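For what it's worth, our numbering labels the leading residue of the sequence shown as 40, then goes sequentially.
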Amino acid sequence: MDNQDDKIAAYGRLAPAWNQVYPDDEFGKVAKFIQDQWVKVVSHRPVHFHLGSHESKLTKFFNSILEQFKSEAGFIGHFTSEAVHGVPDLEQGLLMDERRTDIRYLSSRSDLTVTFEFKKLKDNRDSRLKYYGKSGVLRFVEGHYSKENSIGVMVGLVGNNFPATVTSLQRAFAMTGTHSLLHMIPCPQGRYVRDPSDALPSIATFDTEHSRAVYDGRPEILLCHMFLNTPDAKPKT
40 MDNQDDKIAA YGRLAPAWNQ VYPDDEFGKV AKFIQDQWVK VVSHRPVHFH LGSHESKLTK
100 FFNSILEQFK SEAGFIGHFT SEAVHGVPDL EQGLLMDERR TDIRYLSSRS DLTVTFEFKK
160 LKDNRDSRLK YYGKSGVLRF VEGHYSKENS IGVMVGLVGN NFPATVTSLQ RAFAMTGTHS
220 LLHMIPCPQG RYVRDPSDAL PSIATFDTEH SRAVYDGRPE ILLCHMFLNT PDAKPKT
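Right, here's the structure in full:
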């Protein structure tokens, strides 16, 4: 098979046995590496590494951590941060609909390419809408991210109110209006929120699947939702 999507298609729906698609579980190892490195950074209590900082500053700093320690973890691929995507307008000589991805992993051993979109998440409606709306999940659904790929990861950065925040988000995904907005596809058992995660067990909390048929026939996409505990504010000295 020629690419990642062909491999996934061979296993039917987009919640396949990922260890069959990638026998060495590179996808899972990358996600676990990200999770472990985040925990390590937080344990050092950096002055500017908290939810009061801008997301782009957090992810650019964190991407440098991933690049610094990837060899020790056995990765020979690349982590990139703030990569620019858009549609080139040849008449105007401009890049239209410009977007930037938070962190992207490109494997050097396989065709695996995964976008990790980091989003600060609080237990309120506005924050949840940013997570799954135009600045979050919809970027994958509308094909701005992972345009040719069938997998992506949403990374929620959550403070002290961790369990309630994640539970409220899951309830939002279970609402009919959200199903329509995000073109969500239920699993064979009829559930729109796949908890626990099939693709990243013990790393992601749940998965959601989305149709992108209305967007130029792009492949359906499976999104894993993982959550990282992040300090609410600057550490006290």
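Beta carbons: idealized from backbone N, C-alpha and C, even for Gly.
Since we're looking at a predicted model, the values are computed, not measured.
In whole angstroms, what is the alpha-carbon distance linking Val69 and Asn163? The count along the sequence shown starts at 1 and reaches residue 69 at position 30. The count along the sequence shown starts at 1 and reaches residue 163 at position 124. Just so you know, the alpha carbons of Val69 and Asn163 end up roughly 30 angstroms apart.
Starting from Asp75, trace the alpha helix (DSSP H) both ways and give me its first and last residue. In the sequence shown, residue 75 corresponds to position 36, counting from 1. Start and end: 65-82.
Helix, strand or coil for Thr152? Go by DSSP, reduced to three states. The residue given as residue 152 occupies position 113 in the sequence shown. In the three-state reduction of the DSSP assignment, Thr152 falls in the strand class, which pools E and B.
Tell me which same chain residues have a C-beta within less than 8 angstroms of the C-beta of Ala76, skipping the five on either side of it? If you number the sequence shown from 1, residue 76 lands on position 37. One point to set straight first is that residue 76 is Gln, not Ala, in the sequence displayed. Cβ within range, chain order: Phe101, Ile104, Leu105, Phe108.
Report yes if the C-beta distance between Phe266 and Thr247 is below 9 angstroms; otherwise report no. Stepping through the sequence shown from its first residue, residue 266 is reached at position 227. Stepping through the sequence shown from its first residue, residue 247 is reached at position 208. With contacts defined by Cβ atoms closer than 9 angstroms, Phe266 and Thr247 do not form a contacting pair.
Alpha carbon to alpha carbon, how far is Ile190 from Pro85? Against the sequence shown, residue 190 aligns to sequence position 151. Against the sequence shown, residue 85 aligns to sequence position 46. The straight-line gap from Cα to Cα measures roughly 31 angstroms.
Reduced DSSP secondary structure (H/G/I, E/B, other) of His218: Counted from its first residue, the sequence shown places residue 218 at position 179. Three-state DSSP puts His218 in a helix.
Residue span of the alpha helix (DSSP H) that contains Asp165, given as start and end: On the sequence shown, residue 165 is found 126 positions in, with the first residue counted as 1. Annotation for Asp165: the continuous alpha helix (DSSP H) segment containing it runs 164-171.
What's the C-alpha gap between Ser149 and His117? Indexing the sequence shown from 1 puts residue 149 at position 110. Indexing the sequence shown from 1 puts residue 117 at position 78. Rounded to the nearest angstrom, the two C-alpha atoms are 12 angstroms apart.
Buried or exposed: where does Asp141 fall if 16 or more other Cβ atoms within 10 Å of its Cβ makes it buried? Locating residue 141 in the sequence shown gives position 102, where the first residue counts as 1. Residue environment for Asp141: buried (at least 16 other C-beta atoms within 10 angstroms of its C-beta).
Whole angstroms are fine: how far does the CA of Thr119 sit from the CA of Thr269? For the purposes of this step, residue 269 is taken as residue 230 along the sequence shown, with counting starting at 1. For the purposes of this step, residue 119 is taken as residue 80 along the sequence shown, with counting starting at 1. Cα to Cα, the separation comes out at about 21 angstroms.
From which residue to which residue does the alpha helix (DSSP H) around Asn102 run? As a first step, residue 102 must be located in the sequence shown, where it is residue number 63. Counting along the chain, the alpha helix (DSSP H) containing Asn102 begins and ends at 94-108.
Check Phe114 in the structure and name its three-state DSSP category. Mapped onto the sequence shown, residue 114 falls at position 75. Phe114 carries a coil assignment under DSSP once its states are collapsed to helix, strand and coil.
DSSP beta-bridge partners for Asn268? Sequence index remark: in the sequence shown, residue 268 carries index 229 (1-based). DSSP output for Asn268 lists Val197 as bridge partner(s).
Closer than 6 angstroms by C-beta to Ala156: which residues in its own chain qualify, once you throw out the five before and the five after it? Chain order, please. Mapped onto the sequence shown, residue 156 falls at position 117. Ala is not the amino acid found at residue 156; the sequence shown has Glu there. Short of 6 angstroms from the beta carbon of Glu156, and not among the five residues preceding or following it, lie these beta carbons of its own chain, in chain order: Asp141, Met193.
For Leu177, tell me which candidate among Gln74, Phe72, His249, Glu94 has the shortest Cα-Cα distance. What you label residue 177 is simply residue 138 of the sequence shown in a count that begins at 1. Selected option, being the one with the closest Cα: His249.
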